[in-house]
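FYI, the numbering for the sequence shown is 10 to 124, going by our numbering.
Note that CB positions come from ideal geometry on N, CA and C, so glycine has one too.
These notes are about the structure you will find just below.
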Amino acid sequence: MSSRSPITTHALDTALGTPARGLGAVLERLDGADPRELARGVTDDDGRITDWLPPEPIEPGIYRVTFATGEYLAATDRSGFYPRVVVEFEITDPAAHHHVPLLLSPWGYSTYRGS
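Set out below in structure tokens:
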């Protein structure tokens with residue numbers, strides 16, 4: 010079994026060409042009308058959060074990561090268009106690792122299912 014959280018992220022600041030260090034994020038499980046916060050984190054020097062949850066299988070369902078992009082850009086003396094980036098995804102295989110990368114610039118972003 011892996012020693013990392015079953016859900017991880019890696020944020021890259023494409024405008025600077027560096028990891029997005031210090032980017033806050035909240036991980037939630039969407040249970041009907043009431044989202045349940047599972048964890049909060051801040052990206053490390055490599056732009057990663059790998060310790061959100063214990064290294065064990067996770068329940069199938071819909072999850073959400075909300076990145077505090079406006080705060081991150083302000084901390085780096087920049088403004089941008091997106092104050093938050095919200096990524097929702099579905100987990101169907103509870104034993105699999107789920108990596109949610111974010112490519113970020115002040116005026117756009119992209120995400121995909123990582124490995």
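Backbone CA spacing between residue i and residue j [nearest angstrom]
| i | j | result |
| --- | --- | --- |
| Leu111 | Phe90 | 16 Å |
| Arg38 | Ala77 | 18 Å |
| Ile58 | Leu32 | 10 Å |
| Arg122 | Ser14 | 15 Å |
| Thr18 | Asp54 | 13 Å |
| Gly41 | Ser124 | 28 Å |
| Gly26 | Ala84 | 17 Å |
| Thr101 | Gly70 | 7 Å |
| Ala105 | Asp86 | 38 Å |
Other residues of its chain near residue i: CB distance less than 7 Å, five sequence neighbours each side excluded
| i | result |
| --- | --- |
| Tyr118 | Tyr91, Val94, Leu111 and Leu112 |
| Ala29 | Ala20, Leu21, Asp22, Thr52, Gly56, Tyr81 and Leu113 |
| Ala24 | Ser114 and Pro115 |
| Ser125 | Absent from the structure is residue 125, since the part of the chain shown begins at 10 and ends at 124. |
Secondary structure of residue i, DSSP reduced to three states
| i | result |
| --- | --- |
| Leu113 | strand |
| Ala34 | strand |
| Thr78 | helix |
| His19 | strand |
| Leu39 | strand |
Same chain, Cβ closer than 8 Å to residue i, five either side skipped, listed in chain order
| i | result |
| --- | --- |
| Leu36 | Ile16, Glu46, Leu47, Ala48, Arg49, Gly50, Trp61, Leu62, Tyr72, Arg73 and Val74 |
| Thr120 | Val94, Val96, Val109, Pro110, Leu111 and Leu112 |
| Pro44 | Glu37, Arg38 and Arg73 |
Any chain C beta carbon closer than 8 Å to residue i
| i | result |
| --- | --- |
| Ile67 | Although the question refers to chain C, the structure presented lacks it and comprises just one protein chain. |
- Any beta strand (DSSP E) of 3 or more consecutive residues that is wholly inside the segment 42–89: DSSP runs (the beta strand (DSSP E)) wholly in the segment 42–89: 43–51 and 70–76.
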